[in-house]
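Count along the sequence shown starting at 1, add 37, and that's the number in the working numbering.
Idealized CB from N, CA, C, for every residue including glycine.
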Amino acid sequence: MDAGTPWLLTSLVYLGAAVLAVPLARLLGLGSIIGYLAAGIAIGPWGLQLVTDAAAILQFAQFGVVLMLFLVGLELEPRRLWALRRPIFGWGSVQLLGSTALMLLAGVALGVDWRLALVAALAFSMSSTAIGLGVLNERNLMATTSGRSVLSVSLLQDVAAIPILALLPLLALPGAQAAAADGGWLAATKAVGVIGLIVLGGRLALRPLLRWIARSDTPEIFTAASLLLVVATAALMESVGLSMALGAFLAGVLLAESEYRRELETDLQPFKGLLLGLFFIAVGMSIDFAVVLAQPLLTLALVLGFLLLKALVLLPMAHWMPIPLAERPVFVLLLAQGGEFGFVVLQGATLAGAIGAADASLLVAAVALSMLLTPLLLAGIDRWVAPRLASAGRTQRPQEIAEPQHAPIIIAGFGRYGQIVGRLLNANGLSATVLEHDADQVETVRRFGWRVFYGDATRLDLLRTAGAAQARVLVLAIDDIDQSVAVARLVREHFPQLQIVARARNVTHYYRLQQLGVELIERETLDAALMSGRSVFELMGWERHAARNQALRFRRHSIELMQRMAPHSGDEKKLIALAKQGREQLEAQWAAERAEQAQARGDWQRPTE
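Put into structure tokens, the structure is as follows:
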């Protein structure tokens with residue numbers, strides 16, 4: 038089956054292979070990614086030969102990685118991305134430069150030409166964003182330290198596409214170097230210009246454009262516009278030889294604070310899953326086993342060699358970052374493997390004349406094999422390595438909640454906030470089922486005598502086991518904002534009878550919960566701050582009742598102002614204007630009251646004539 042094969046038959050082959058291989062892999066405990074890779078090998082040139090044009094499919098399937106990075110960007114508001122600047126540019130640079138230097142030195146020491154050694158080092162230093170983030174999402178590890186660290190390093194690798202692709206023509210063999218040098222710097226200039234265009238255009242044009250499309254009240258057109266946005270951004274990046282995924286990520290970050298964020302996420306999620314699966318199938322198909330069979334020992338040495346050399350850089354990083362001991366093997370392996378951008382580096386190096394076609398084929402096979410081995414090695418880590426490290430680090434995961442519970446109240450999240458609620462309920466004779474996703478926290482509170490179950494409340498099956506179908510109240514005290522919103526959405530969809538009493542970390546969190554229909558929301562810092570304000574009043578000589586009344590009035594004003602601002606949560610200028618107006622009105626009102634009180638005291642003290 039090649040490019041001329043009818044699309045219907047091609048679709049039948051891909052879907053059939055995925056439907057058969059993925060459930061079987063999950064049944065064997067290998068995960069869905071290894072199922073997709075195995076399906077690609079089975080139907081590819083070295084299997085049943087049902088598909089022979091693997092390169093064309095791989096190029097199309099990379100759009101799944103693009104969609105995944107766009108959706109990741111939607112979850113990272115610009116200020117959160119800014120907060121990650123140090124791990125991105127700091128630790129990301131350590132991994133990229135450290136791995137490249139170590140592999141370059143090893144290659145030169147073994148007698149390899151320095152140009153070939155540098156190209157191979159640059160290609161091998163890249164990691165698979167698709168497999169890395171796919172594994173983290175599959176295991177619900179994105180919110181962990183290792184998950185954020187893998188994301189940070191992966192983003193730096195995508196950003197590094199600009200200087201790496203500009204460098205490749207300069208590594209060309211002497212006959213081709215002069216003709217390619219000027220083109221490299223021109224490409225780098227174009228790349229910087231396109232990134233600037235995406236950032237500036239996204240700031241100025243994306244929201245008004247989406248607002249205009251949304252007013253058409255045509256859901257399918259909004260879906261088409263969502264896909265067009267991602268495709269156009271990816272096409273711009275590809276036109277200057279950059280990572281399409283990086284462009285999509287930037288577009289996602291620019292829309293992370295928009296009112297259309299959830300709509301975009303809902304529209305694109307199904308496409309992302311299917312295309313990402315197709316990408317993994319294409320990777321399995323692209324492995325050139327002819328090269329592997331011709332030089333099996335050299336191929337194996339390349340794969341094991343670059344995995345071990347990258348691990349020598351990543352292990353100290355995991356210690357210094359610091360990443361919990363039990364999470365380090367996953368962190369190291371996901372970043373030690375090769376990646377899809379390694380294919381791009383090797384292809385660019387071949388076209389620039391930096392390496393020969395035969396060497397490129399061998400290196401491509403090594404990268405693809407490392408991606409194939411990663412899920413298998415993860416399965417081995419889960420079985421033999423992780424339990425020992427967890428025990429050594431005192432972070433072994435407790436058993437998840439398994440027996441059905443029947444308490445009328447469920448508390449999701451048992452940190453400092455959830456514990457106060459739990460103590461209050463327990464002291465008044467009310468029983469609650471407590472779920473906590475942090476294994477360390479579970480062990481800690483159990484030592485204090487609390488009956489806490491280990492479980493992720495974003496999973497529907499665990500909520501059912503916890504008794505959500507029969508319970509009356511869910512106390513949503515999860516610290517992570519995205520997980521908290523995900524639980525609220527899940528409960529509203531599947532357990533409408535369950536009343537949610539939620540904790541909001543900030544105003545943005547409050548609005549997101551309110552948009553889901555949650556009514557009983559308390560901002561975690563509001564009352565504590567007001568109590569401190571009352572103490573200041575009393576220290577300044579106020580009567581206790583006056584301090585209390587003024588704090589309560591301010592609380593009422595703050596909530597009313599927040600409700601007025603809620604419909605404009607996506608309009609920063611309007612929010613700022615309303616906040617200033619509310620503050621000025623309150624200050625003017627209370628200044629007038631103080632003046633009236635001062636006049637009343639003066640009249641009372643003035644002697645009668």
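- Annotation: residue 542 is outside any alpha helix (DSSP H) and is labelled neither H nor E by DSSP.
- For residue 50 and residue 76, the gap between their C-alpha atoms comes out near 10 Å.
- Annotation for residue 386: 156, 205 and 392 place their beta carbon closer than 6 Å to its own, counting only its chain and skipping 5 residues before and after.
- Nearest C-alpha to residue 378 among 165, 594 and 597: 165.
- In this structure, DSSP gives residue 491 an extended state, which the three-state scheme calls strand.
- With contacts defined as CB atoms closer than 8 Å, residue 444 and residue 511 fail to qualify as a contacting pair.
- Judged by DSSP in its simplified three-state form, residue 473 adopts strand.
- Contact between the segment 287–305 and the segment 129–142 is absent: fewer than three C-beta pairs spanning the two stretches fall below 8 Å.
- In this structure, residue 400 sits away from residue 415, with a CB-CB distance that is not shorter than 8 Å.
- Take the alpha-carbon of residue 193 and the one of residue 469: they are about 44 Å apart.
- For residue 464, the enclosing alpha helix (DSSP H) stretches over residues 453–464.
- Under DSSP, residue 558 shares a beta bridge with 539.
- Residue 276 holds the alpha-carbon nearest to the alpha-carbon of residue 230 among 110, 260, 60 and 276.
- Residue nearest to residue 311 within the set 52, 119 and 341 is 52 (criterion: CA-CA distance).
- Annotation for residue 522: 546, 549, 550 and 553 place their beta carbon closer than 8 Å to its own, counting only its chain and skipping 5 residues before and after.
- The beta carbon of residue 344 is closer than 6 Å to those of 373 in its chain, skipping five residues each way along the sequence.
- In the DSSP annotation of this structure, the continuous segment of the alpha helix (DSSP H) that includes residue 71 starts and ends at 69–80.
- Put simply, the backbone Cα of residue 195 is about 12 Å away from that of residue 159.
- With a 10 Å radius around the Cβ and a threshold of 16 neighbouring Cβ atoms, residue 128 comes out buried.
- The beta carbons of residue 266 and residue 288 sit about 6 Å from each other, so the pair counts as a contact at 8 Å.
- With distances taken between CA atoms, residue 596 lies nearest to 563 out of 627, 261, 237 and 563.
- Counting every other CB atom within 10 Å of its CB across the protein chains shown gives residue 446 a total of 16 or more, marking it as buried.
- The C-beta distance from residue 243 to residue 273 rounds to 13 Å, too long to meet the 8 Å contact threshold.
- Where residue 510 is concerned, the enclosing beta strand (DSSP E) starts and stops at 510–513.
- For residue 449, the enclosing beta strand (DSSP E) has its first and last residue at 446–449.
- Within the segment 101–148, the runs of alpha helix (DSSP H) that reach at least 4 residues and sit entirely inside it are, in chain order, 115–120 and 129–146.
- Contact between residue 371 and residue 172 is confirmed by a C-beta separation of about 6 Å, below the 8 Å threshold.
- For the 8 Å CB-CB criterion, residue 282 and residue 102 form a contact.
- With fewer than 16 other Cβ atoms inside 10 Å of its own Cβ, residue 457 counts as exposed.
- DSSP places residue 593 inside the alpha helix (DSSP H), whose first and last residues are 581–602.
- Annotation for residue 575: the continuous alpha helix (DSSP H) segment containing it runs 563–576.
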